[in-house]
């Protein structure tokens with residue numbers, strides 16, 4: 031009996047010891063698996079880390095250290111679905127962990143899920159304690175890129191990468207020349223014989239490239255150019271080529287960003303009318319919270335015209351304020367005043383004017399692939415001198431509104447449908463007009 035009891039006690043002790051050894055070995059294996067991925071990530075061998083993690087995924091998934099390292103490897107090697115699942119597993123263990131939420135936001139951004147990306151970036155910014163300044167500034171960089179994408183601009187998902195786009199639009203224009211329906215009197219007495227407004231259809235080919243790069247914690251830069259060629263099917267003299275080049279620095283704060291774009295633009299029409307624009311602008315955006323922000327903007331520009339030369343050239347100053355509200359994450363409302371002043375040369379002082387108005391709009395994301403955008407603006411302008419032909423000082427009331435629908439399909443294809451209505455009510459009938467443009471287009475990004 032004593033021998034049996036002694037053997038039984040020894041057996042129980044051995045079992046417990048074996049269990050502890052197995053447990054320690056298991057923990058060591060788990061730690062080794064995570065460390066191996068972390069080491070490969072540090073060496074920027076992300077594809078190798080991803081392949082190693084994929085082989086261990088069935089046994090290691092659900093362990094935060096492994097999932098975090100595997101998620102980073104998957105994200106950096108372009109396997110976004112696996113990265114998404116990995117970071118979500120980490121957050122299931124600790125919902126308040128800032129690093130996996132930041133990487134989850136970045137993953138959604140890379141996948142084009144802008145609503146989810148913005149939501150998770152904002153959650154990181156709102157955590158207590160707040161994220162380090164370097165992280166907050168990096169988030170401001172991504173929020174700027176999201177704003178650019180929602181505005182319809184092609185922005186690369188990763189830094190140091192150019193984003194190209196090419197597309198075509200078909201459309202109908204009710205009044206390409208902005209002609210008036212009303213009688214026009216010269217010198218207050220002579221009836222001017224003008225053609226009636228004529229509608230036309232057109233096609234437009236367009237393309238461009240953008241490049242964004244964050245150079246340091248607190249700043250980066252961007253550059254982009256676009257070209258469009260519009261061809262009217264009957265009124266060929268209104269055919270137009272437009273070229274724009276834009277670029278400049280972007281400065282980043284923990285709750286703000288400042289963009290200083292330089293712009294050079296040209297328009298050439300088939301009737302030999304040419305316009306050249308050179309401008310310097312500033313756009314300061316301040317985040318109030320996840321639902322609210324505001325933007326202050328200003329621009330100095332020189333606009334040169336041909337024919338007409340110095341007679342029609344103007345130097346312009348524009349300033350404004352936009353307040354944005356997101357009552358829900360899919361909906362953005364914005365509203366703000368705008369003011370402008372245009373100084374003409376001594377040869378044509380009546381081309382100078384001052385104006386003020388209101389700009390507003392809304393953007394609603396039906397889902398991550400489809401969105402509707404509405405815009406409405408009204409401007410009241412008064413010219414600075416009497417027109418020598420019409421013998422009075424010109425005043426204008428310009429109203430514009432429209433709606434655009436976009437659908438992002440697979441392979442970075444995007445369908446675009448648009449309606450834009452514009453009109454001007456002037457005390458000089460020559461400048462009173464109404465114009466409607468309908469467009470349908472498709473573009474490819476890569």
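In our numbering, the protein residues as written are 31 to 476. Ideal Cβ placement from N, Cα and C applies to all residues, glycine included.
Buried or exposed by the 16-neighbour rule on C-beta atoms within 10 Å, applied to residue i
| i | result |
| --- | --- |
| residue 203 | buried |
| residue 458 | buried |
| residue 244 | buried |
| residue 188 | exposed |
| residue 156 | exposed |
| residue 339 | exposed |
| residue 56 | For residue 56, the pLDDT reaches just 42, beneath the cut-off of 50, and the residue's location in the model is therefore unreliable, leaving the point undetermined. |
| residue 102 | buried |
| residue 143 | buried |
| residue 463 | buried |
| residue 301 | exposed |
| residue 92 | exposed |
| residue 74 | exposed |
| residue 72 | exposed |
| residue 374 | buried |
| residue 343 | buried |
| residue 111 | exposed |
| residue 362 | buried |
Contact belief for residue i with residue j at Cβ below 8 Å, rounded distance in angstroms
| i | j | result |
| --- | --- | --- |
| residue 346 | residue 400 | That pair is no contact at about 37 Å. |
| residue 270 | residue 317 | So it is not a contact: roughly 38 Å between Cβ atoms. |
| residue 136 | residue 121 | Rounded, the Cβ-Cβ distance is 14 Å, inconsistent with contact. |
| residue 127 | residue 139 | Going by Cβ atoms, the distance from residue 127 to residue 139 rounds to 19 Å, so no, they are not a contact pair. |
| residue 423 | residue 408 | Not a contact, Cβ separation roughly 20 Å. |
| residue 166 | residue 160 | 7 Å |
| residue 180 | residue 393 | 6 Å |
| residue 386 | residue 406 | The Cβ separation is near 16 Å, so there is no contact. |
| residue 395 | residue 360 | 4 Å |
Nonlocal neighbours in the same chain, by C-beta distance under 8 Å from residue i, ignoring five residues either side
| i | result |
| --- | --- |
| residue 322 | 353, 354, 355, 356 |
Contacting residues, own chain, Cβ-Cβ under 7 Å from residue i (five flanking each side not counted)
| i | result |
| --- | --- |
| residue 206 | 230, 262, 265, 268 |
| residue 80 | 103, 104, 107, 109 |
| residue 443 | 472, 474 |
| residue 364 | 352, 353, 354, 390, 391 |
| residue 116 | 97, 100, 101, 104 |
| residue 232 | 201, 203, 260, 261, 262, 263 |
| residue 133 | 101, 102, 105, 117 |
| residue 76 | 103, 106, 107 |
Own chain, CB closer than 6 Å to residue i, minus 5 neighbours either side, in chain order
| i | result |
| --- | --- |
| residue 521 | The question about residue 521 has no answer here: the residues shown for the chain are numbered 31 through 476. |
| residue 428 | 409, 454 |
| residue 199 | 234, 469, 471 |
| residue 314 | 288, 326 |
| residue 175 | 185 |
| residue 311 | 291, 329 |
| residue 466 | 204, 451 |
| residue 349 | 328, 369 |
| residue 194 | 239, 476 |
| residue 211 | none |
| residue 241 | 192, 253 |
| residue 227 | 205, 209 |
Taking three-plus beta-carbon pairs below 8 Å as touching, is the region 385-402 in contact with the region 433-450?
-> yes
Report yes or no: do three or more beta-carbon pairs, one from the region 160-171 and one from the region 280-289, lie closer than 8 Å?
-> yes
Enumerated in chain order, which unbroken segments of the beta strand (DSSP E) with a length of 3 residues or greater are wholly contained in the region 296-334?
-> 304-319
Could you give the uninterrupted runs of the beta strand (DSSP E) lying entirely in the region 330-417, keeping only those of 3 residues or more?
-> 344-358, 361-374, 383-395, 400-417
Contiguous beta strand (DSSP E) assignments of at least 3 residues, all confined to the region 251-304 = 270-282, 286-289, 292-299
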